[in-house]
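In this note's numbering, the protein residues as written are 292 to 541.
All residues carry an ideal CB built from backbone N, CA and C; glycine is no exception.
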């Protein structure tokens, strides 16, 4: 992230593309926590890019010491209104922030694709913020999700990893697949100990939002999509890595 960017504007809805869908908040957040929980390390949690605190709330049952760094002033004000003094919030960019501690679990969900220098931020995580034995949980939207592949076949986007104009207005700089996400993690010196995906997804977010307003999709069906995603991570809505500290010469 650079200081020239307007993070408040990037977090607003644009015509034809919301910033946060009900599918993200009600479905994906739940299953991300389910996927992440086995890798949580006890102690301090750092959430990088907390937005309005919706995912932060999912983490509070697991951690007593939570620090969030967020670049949007409007978003961080909304998050502070939810949590008061129970969560520490730092209004800063990842490039500029000075943090006083190392953290046992660091969460970076649907943020890396927004960064101007993703490898540089991952290097800071590896060298400065991740504790010895700590874990980074790194999740991004998946370029190869069936919903995106269908959009390519429909002529809506040019290729799986394309950044659409709406995504660009929301601050997206790239669209990751598992191989490019691992590439950047390794370039930062991180050690990848696990890789997988969250939730098999053949519909676009707006289609899921419409479907979730009906009784067509049952909780068991959603669980089935999550379970299928464990078998086919490259066809999931989101991909994720679990990383530990590695070489600082990456």
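Q. In the structure shown, what three-state DSSP assignment does residue 541 receive?
A. In the chain shown, counting from the first residue as 1, residue 541 sits at position 250. The predicted model places residue 541 with a pLDDT of 49, which falls under 50 and marks its position as unreliable, so this point remains unresolved.
Q) Alpha carbon to alpha carbon, what distance is there between residue 515 and residue 503? A) Along the chain shown, one-based indexing puts residue 503 at 212. Along the chain shown, one-based indexing puts residue 515 at 224. Going from the Cα of residue 503 to the Cα of residue 515 covers about 15 Å.
Q: State the Cα-Cα distance for the pair residue 370 and residue 431, rounded to the nearest angstrom.
A: Start at 1 with the first residue of the chain shown, and residue 370 comes out as number 79. Start at 1 with the first residue of the chain shown, and residue 431 comes out as number 140. Those two C-alpha atoms are separated by around 22 Å.
Q) Going by C-alpha distance, which of 509, 473 and 442 is nearest residue 494? A) Within the chain shown, residue 494 is the residue found at index 203, counting from 1. Per the Cα distances, 442.
Q.
Please state the DSSP three-state secondary structure of residue 542.
A. In the structure displayed, the chain extends from 292 to 541; residue 542 sits before or after that span and is not available.
Q. Which residue from 357, 461, 468 and 424 puts its Cα closest to that of residue 391?
A. As a working mapping, residue 391 is identified with position 100 in the chain shown. Looking at the Cα atoms, 357 is the closest of the given residues.
**Q.** Start-to-end residues for the alpha helix (DSSP H) that takes in residue 468
**A.** Working through the chain shown from its first residue, we reach residue 468 at position 177. Here residue 468 belongs to no alpha helix (DSSP H), and DSSP marks it neither H nor E.
Q) At which residue ranges does the stretch 432-511 contain complete alpha helix (DSSP H) runs of 4 or more residues, listed in the order of the chain? A) 437-444, 456-460, 469-478 and 496-503
Q.
For residue 430, list the residues DSSP reports as bridge partners.
A. The count along the chain shown starts at 1 and reaches residue 430 at position 139. DSSP, once it has assigned bridges, lists 400 and 531 as partnering residue 430.
(Q) For residue 543 and residue 501, I'd like the C-alpha separation in whole angstroms. (A) The structure shown does not extend to residue 543, since the chain spans only 292 to 541, so no value can be given for it.
Q | Neighbourhood of residue 473 by C-beta distance below 8 Å, restricted to the same chain and skipping five residues each side | A | Here residue 473 refers to the residue found at position 182 of the chain shown. Cβ within range, chain order: 483, 486 and 532.
Q.
Please report whether the beta-carbon of residue 359 lies at a distance below 9 Å from any beta-carbon of chain B.
A. Within the model displayed, chain B is absent; a lone protein chain is all it includes.
Q | Nearest-angstrom beta carbon gap, residue 348 and residue 425 [assumed within contact, 8 Å] | A | Along the chain shown, one-based indexing puts residue 425 at 134. Along the chain shown, one-based indexing puts residue 348 at 57. Not really, about 22 Å apart at Cβ, beyond 8 Å.
(Q) Suppose the cutoff is 7 Å on Cβ atoms and the five residues either side in sequence are ignored; what does the same chain contact list for residue 416 look like? (A) Position 125 of the chain shown, counted from the start, is the residue given in the question as residue 416. If we look at residue 416 and ignore the five residues flanking it on each side, its Cβ neighbours are 397 and 427.
(Q) Using CA atoms only, rank isn't needed, just tell me which of 403, 439 and 351 is closest to residue 379. (A) Position 88 of the chain shown, counted from the start, is the residue given in the question as residue 379. Among 403, 439 and 351, the Cα nearest to that of residue 379 is on 351.
Q) Rounded to whole angstroms, how far is the Cβ of residue 434 from the Cβ of residue 492, which I believe are closer than 8 Å? A) Indexing the chain shown from 1 puts residue 434 at position 143. Indexing the chain shown from 1 puts residue 492 at position 201. Residue 434 to residue 492, Cβ: 12 Å. No contact.
Q. How long is the line joining the alpha carbons of residue 464 and residue 411, rounded to whole angstroms?
A. Position 173 of the chain shown, counting from 1, holds the residue named residue 464. Position 120 of the chain shown, counting from 1, holds the residue named residue 411. The straight-line gap from Cα to Cα measures roughly 14 Å.
Q: Note down, in chain order, each residue of its chain lying with its Cβ closer than 6 Å to the Cβ of residue 334, except the 5 sequence neighbours on either side.
A: On the chain shown, residue 334 is found 43 positions in, with the first residue counted as 1. Result list for residue 334: 395, in chain order.
(Q) For residue 480, tell me which candidate among 499, 409 and 489 has the shortest Cα-Cα distance. (A) The count along the chain shown starts at 1 and reaches residue 480 at position 189. Looking at the Cα atoms, 409 is the closest of the given residues.
Q: Determine the DSSP secondary structure at residue 536, reduced to helix, strand or coil.
A: Here residue 536 is taken as the residue at index 245 of the chain shown, counted from 1. Note: residue 536 maps to coil in three-state DSSP.
Q) residue 379 lies in the beta strand (DSSP E); which residues open and close that run? A) Translated into positions along the chain shown, residue 379 becomes position 88. Here the beta strand (DSSP E) through residue 379 covers 379-382.
Q. Residue ranges of each beta strand (DSSP E) run of no fewer than 3 residues wholly in the stretch 319-405, ordered along the chain?
A. 335-339, 356-361, 379-382 and 394-400
Q. Taking residue 313 as the reference, which of 496, 537, 524 and 455 has the closest Cα?
A. Walking along the chain shown from the start, residue 313 turns up at place 22. It is 496 whose Cα lies nearest to the Cα of residue 313.
Q. Ordered along the chain, which non-local residues of its own chain (more than five positions away) have a Cβ less than 6 Å from that of residue 403?
A. Translated into positions along the chain shown, residue 403 becomes position 112. Here the set comprises 409 and 431.
Q) The alpha helix (DSSP H) with residue 413 in it runs from where to where? A) Here residue 413 corresponds to residue number 122 of the chain shown, with the count starting at 1. Residues 409-415.
Q. Can you check whether the CB of residue 448 is closer than 9 Å to the CB of residue 489?
A. Taking the first residue of the chain shown as position 1, residue 489 is located at position 198. Taking the first residue of the chain shown as position 1, residue 448 is located at position 157. No.
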